[in-house]
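Counting from 1, one number per residue, gives the positions in the sequence shown under UniProt numbering.
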Amino acid sequence: MTATGPDFIALQVRDLDAAATFFEEHLGLRRAPASPPGAVVFGTSPIPFAVREPLPGTDLDAASPRPGVGVALWLAVEDADALHEHLVGAGVEVLGPVADSPFGRTLTFVGPEGYALTAHTAQGPA
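Okay, here's the thing in C-alpha coordinates:
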(Lines of atoms letter the chains of each structure in order from A; the text may use other names.)
(Lines give C-alpha, C1' and ligand atoms only; values in the text may rest on other atoms or scores of the structure.)
Protein backbone atom coordinates (compact mmCIF):
# COMPACT_ATOMS: atom_id res chain seq x y z
CA MET A 1 0.00 0.00 0.00
CA THR A 2 1.39 3.42 -0.98
CA ALA A 3 0.50 6.82 0.45
CA THR A 4 -0.35 9.45 -2.15
CA GLY A 5 0.51 12.49 -0.03
CA PRO A 6 -0.82 14.62 2.81
CA ASP A 7 -4.59 14.47 3.17
CA PHE A 8 -5.24 16.50 6.32
CA ILE A 9 -3.11 18.77 8.51
CA ALA A 10 -3.93 19.94 12.04
CA LEU A 11 -2.07 21.84 14.73
CA GLN A 12 -2.74 20.82 18.32
CA VAL A 13 -3.31 23.90 20.48
CA ARG A 14 -4.20 24.73 24.08
CA ASP A 15 -6.57 27.60 23.21
CA LEU A 16 -8.74 26.49 20.31
CA ASP A 17 -10.70 29.74 19.98
CA ALA A 18 -7.61 31.96 20.01
CA ALA A 19 -5.84 29.78 17.44
CA ALA A 20 -8.86 29.72 15.12
CA THR A 21 -9.23 33.49 15.44
CA PHE A 22 -5.52 33.97 14.58
CA PHE A 23 -5.89 32.10 11.28
CA GLU A 24 -9.13 33.92 10.45
CA GLU A 25 -7.85 37.41 11.26
CA HIS A 26 -4.31 37.19 9.94
CA LEU A 27 -4.52 34.71 7.06
CA GLY A 28 -8.14 35.14 6.01
CA LEU A 29 -8.98 31.46 6.46
CA ARG A 30 -12.69 30.63 6.70
CA ARG A 31 -14.20 27.88 8.79
CA ALA A 32 -15.59 24.85 7.01
CA PRO A 33 -19.35 24.30 7.43
CA ALA A 34 -18.74 21.50 9.94
CA SER A 35 -15.98 20.50 12.34
CA PRO A 36 -15.71 17.60 14.76
CA PRO A 37 -15.87 18.30 18.51
CA GLY A 38 -12.67 19.87 19.83
CA ALA A 39 -11.52 21.13 16.44
CA VAL A 40 -11.97 23.96 13.97
CA VAL A 41 -11.55 22.90 10.34
CA PHE A 42 -10.94 25.55 7.70
CA GLY A 43 -12.12 25.38 4.08
CA THR A 44 -8.61 25.20 2.62
CA SER A 45 -7.64 23.39 -0.54
CA PRO A 46 -6.33 21.15 -1.80
CA ILE A 47 -5.71 19.86 1.75
CA PRO A 48 -7.98 20.58 4.73
CA PHE A 49 -6.27 22.37 7.62
CA ALA A 50 -7.46 22.55 11.22
CA VAL A 51 -6.58 23.51 14.75
CA ARG A 52 -7.61 21.08 17.43
CA GLU A 53 -7.39 20.43 21.12
CA PRO A 54 -4.42 18.23 22.05
CA LEU A 55 -4.89 14.49 21.66
CA PRO A 56 -4.78 12.47 24.88
CA GLY A 57 -1.18 12.01 25.99
CA THR A 58 0.08 15.10 24.14
CA ASP A 59 1.96 17.50 26.42
CA LEU A 60 2.37 20.78 24.56
CA ASP A 61 4.16 22.25 27.58
CA ALA A 62 7.01 19.76 27.02
CA ALA A 63 7.55 21.07 23.47
CA SER A 64 10.84 22.88 23.41
CA PRO A 65 11.82 25.38 22.19
CA ARG A 66 8.49 25.61 20.36
CA PRO A 67 5.87 23.09 19.25
CA GLY A 68 6.39 21.45 15.89
CA VAL A 69 10.19 21.69 15.84
CA GLY A 70 11.39 19.66 12.88
CA VAL A 71 8.13 19.99 10.92
CA ALA A 72 7.83 22.57 8.15
CA LEU A 73 4.28 23.79 7.55
CA TRP A 74 3.94 26.04 4.52
CA LEU A 75 0.80 27.94 3.63
CA ALA A 76 0.17 29.33 0.15
CA VAL A 77 -0.71 33.04 0.10
CA GLU A 78 -1.50 35.47 -2.70
CA ASP A 79 1.10 38.05 -1.64
CA ALA A 80 3.84 37.23 0.87
CA ASP A 81 4.99 40.85 1.00
CA ALA A 82 1.50 42.12 1.85
CA LEU A 83 1.10 39.42 4.49
CA HIS A 84 4.46 40.40 6.02
CA GLU A 85 3.29 44.02 6.23
CA HIS A 86 -0.01 42.95 7.81
CA LEU A 87 1.63 40.66 10.38
CA VAL A 88 4.22 43.25 11.41
CA GLY A 89 1.49 45.88 11.73
CA ALA A 90 -0.56 43.50 13.89
CA GLY A 91 2.39 42.82 16.19
CA VAL A 92 2.82 39.19 15.12
CA GLU A 93 6.39 37.95 15.54
CA VAL A 94 8.03 37.54 12.14
CA LEU A 95 11.22 35.46 12.10
CA GLY A 96 12.94 37.28 9.25
CA PRO A 97 12.36 39.36 6.16
CA VAL A 98 10.44 38.19 3.12
CA ALA A 99 12.94 36.42 0.88
CA ASP A 100 13.11 34.84 -2.54
CA SER A 101 13.45 31.07 -2.58
CA PRO A 102 13.25 28.38 -5.24
CA PHE A 103 9.55 28.19 -4.36
CA GLY A 104 8.75 31.92 -4.60
CA ARG A 105 8.56 34.69 -2.00
CA THR A 106 8.58 33.35 1.55
CA LEU A 107 8.32 34.52 5.12
CA THR A 108 8.27 32.66 8.42
CA PHE A 109 6.29 33.90 11.39
CA VAL A 110 5.20 32.69 14.80
CA GLY A 111 1.62 31.46 14.82
CA PRO A 112 -0.63 30.39 17.66
CA GLU A 113 1.15 28.94 20.66
CA GLY A 114 4.61 29.36 19.15
CA TYR A 115 4.38 27.28 15.98
CA ALA A 116 6.78 28.53 13.30
CA LEU A 117 4.78 28.79 10.05
CA THR A 118 6.01 29.68 6.58
CA ALA A 119 3.88 31.48 4.03
CA HIS A 120 4.85 31.65 0.38
CA THR A 121 3.67 33.17 -2.84
CA ALA A 122 4.19 30.58 -5.53
CA GLN A 123 6.57 31.53 -8.28
CA GLY A 124 4.88 31.93 -11.64
CA PRO A 125 6.07 30.19 -14.80
CA ALA A 126 9.35 31.54 -16.13
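Backbone N, C-alpha and C define an ideal beta-carbon position, used for all residues, glycine too.
Would residue i and residue j qualify as a contact pair, given that the criterion is a beta-carbon distance under 9 Å?
i     : j     : result
Pro48 : Phe22 : no
Glu53 : Gly68 : no
Val94 : His26 : no
Can you say whether residue i is buried or exposed, counting buried as having 16 or more other CB atoms within 10 angstroms of its CB?
i     : result
Leu16 : buried
Leu88 : For the record, residue 88 in the displayed sequence is Val; it is not Leu. By the neighbour-count rule (16 or more Cβ atoms within 10 Å), Val88 is not buried but exposed.
Name the two residues that bound the continuous beta strand (DSSP E) containing residue i.
i     : result
Ala99 : 99-101
Give the range of the alpha helix (DSSP H) segment to which residue i is assigned.
i     : result
Phe23 : 16-27
Do you know offhand how far residue i's Cα is from residue j's?
i      : j      : result
Ala10  : Val51  : 5 Å
Arg105 : Gly96  : 12 Å
Asp79  : Thr121 : 6 Å
Gly111 : Gly57  : 23 Å
Ala99  : Ala34  : 36 Å
Ala18  : Glu24  : 10 Å
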